[in-house]
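In what follows, a single structure is set out as structure tokens and then discussed.
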Amino acid sequence: MSKLGVNIDHVATLRQARGTIYPSVLEAATICARGGAAGITVHLREDRRHIQDADVYGLKEALSIPLNLEMAVEEEIVAIALDVCPDEVCLVPEKRQELTTEGGLDVAGTLSSLESVVKRLRNAGIVVSLFIDPEESQIDAAVLLGAPVIELHTGTFCDASGVVADRELVRLQRAAAYAASRGLQVNAGHGIHMGNITSVMQVPHLDTLNIGHSIIARAVFVGLEAAVVEMREAIEGVGKS
Ligand code: PXP
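Encoded structure:
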């Protein structure tokens, strides 16, 4: 059965918008766990636009479910990751001006610079995941690096419609099958919402779906726990059929 990991960055976005102490990301994480989230993800961006260093330390201390830290391959953030020791780190590309992560990490094109970072994180006992586009060359590179987990970037599929969406879904399906055949754990994330989750679940071998924006947006209307339950039940419901 595929699991739901909830990205709570945008709880911090609300807080940072006013510089208040609320809403609390710790409280949000607790509510997500109550709703059946299998893990919590936060992205500590270089520009600290939402999640702050103290959030990561606080979550690691308080969480009863695994913490997945999304981060760029930047020495300052790597040092924090090695200090906090989250259960999992997901390496992502990061650009200052982007609204959100755009595209996957070019693992194949940056093997040598990734090698030592992946090794240091793994030596600290952290599970390393690489956020990649659904391409065989990127999967082969992840295997070469010894990363046990990949997260397939679903954003292109989720933003598309018609024949482009059909083509992107096939790419995701093929990539997931290939990654699983190479012994990798396959996660997926980006742009997933209640309107496309049924399609995303047609991708085989999905271990964890990391979903943020749509759940936090839905929480405005139904509350965070209900929004998490809704998405988790959608994932589990499709998984059963
Ligand atoms: N996975 C990764 C690697 C991401 O960068 C993001 C966005 O921070 C997500 C999942 C969650 O995406 P969304 O907020 O669109 O659900």
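Quick note: the sequence shown uses the numbering used here, first residue 16, plus one each step.
Backbone N, C-alpha and C define an ideal beta-carbon position, used for all residues, glycine too.
Could you compute how far the alpha carbon of residue i sits from the alpha carbon of residue j?
i	j	result
Val71	His220	29 Å
Pro149	Asn202	11 Å
Ala234	Val26	10 Å
Leu126	Glu248	38 Å
Gly177	Glu183	10 Å
Arg49	Ala43	10 Å
Asp174	Ser128	30 Å
Leu136	Phe146	15 Å
Ala162	Tyr193	15 Å
Ile46	Ala242	10 Å
Leu5	Val237	In this structure the chain extends from 16 to 256, so residue 5 is not present and cannot be described.
Lys75	Leu59	13 Å
Arg64	His208	23 Å
Gln217	Asp68	36 Å
Leu239	Lys110	29 Å
Ile36	Gly73	14 Å
Ile226	Gln153	22 Å
Do residue i and residue j have their CB atoms nearer than 9 Å?
i	j	result
Val142	Leu120	no
Glu113	Ile92	no
Val104	Glu90	no
Ala52	Ile80	yes
Ala265	Ser144	Outside the modelled stretch of the chain, which goes from 16 to 256, sits residue 265, for which no answer is possible.
Asp158	Gly198	Reading the sequence as shown, one finds Val at residue 158 and not Asp. Closer than 9 Å, so yes.
Gly204	Glu117	no
Leu167	Ala191	yes
Leu82	Thr56	yes
Leu19	Leu187	no
Ile231	Ile23	yes
Val40	Ile66	yes
Ser1	Asp155	Because the chain in this structure spans residues 16 to 256, residue 1 falls outside the shown range and cannot be described.
His228	Gly206	yes
Val99	Gly54	no
What first and last residue would you give for the alpha helix (DSSP H) that runs through residue i?
i	result
Thr45	Val40 to Arg49
Leu184	Gly177 to Ser196
Val71	Asp68 to Ala77
Thr115	From DSSP, Thr115 is part of no alpha helix (DSSP H); its letter is neither H nor E.
Can you look up residue i in the DSSP assignment and give me helix, strand or coil?
i	result
Ser144	strand
Arg33	helix
Val92	According to the sequence provided, residue 92 is Ile. The question's Val does not apply to it. In this structure, Ile92 counts as helix in the three-state DSSP scheme.
Leu120	coil
Ser256	For Ser256, the predicted structure reports a pLDDT of 49, less than 50, and the residue's modelled location is therefore unreliable. The matter cannot be settled from this model.
Ile165	strand
Lys110	coil
Met246	helix
Glu61	coil
Cys100	coil
Val132	helix
Val237	helix
Thr125	helix
Ala203	strand
Val218	coil
Over the uninterrupted beta strand (DSSP E) stretch that includes residue i, give me the two end residues.
i	result
Thr223	Leu221 to Ile226
Gly153	Just to set this straight, residue 153 is Gln in the shown sequence, not Gly. Unbroken run through Gln153 is the alpha helix (DSSP H), Glu151 to Leu160; no beta strand (DSSP E).
Asn211	From DSSP, Asn211 is part of no beta strand (DSSP E); its letter is neither H nor E.
Thr56	Gly54 to His58
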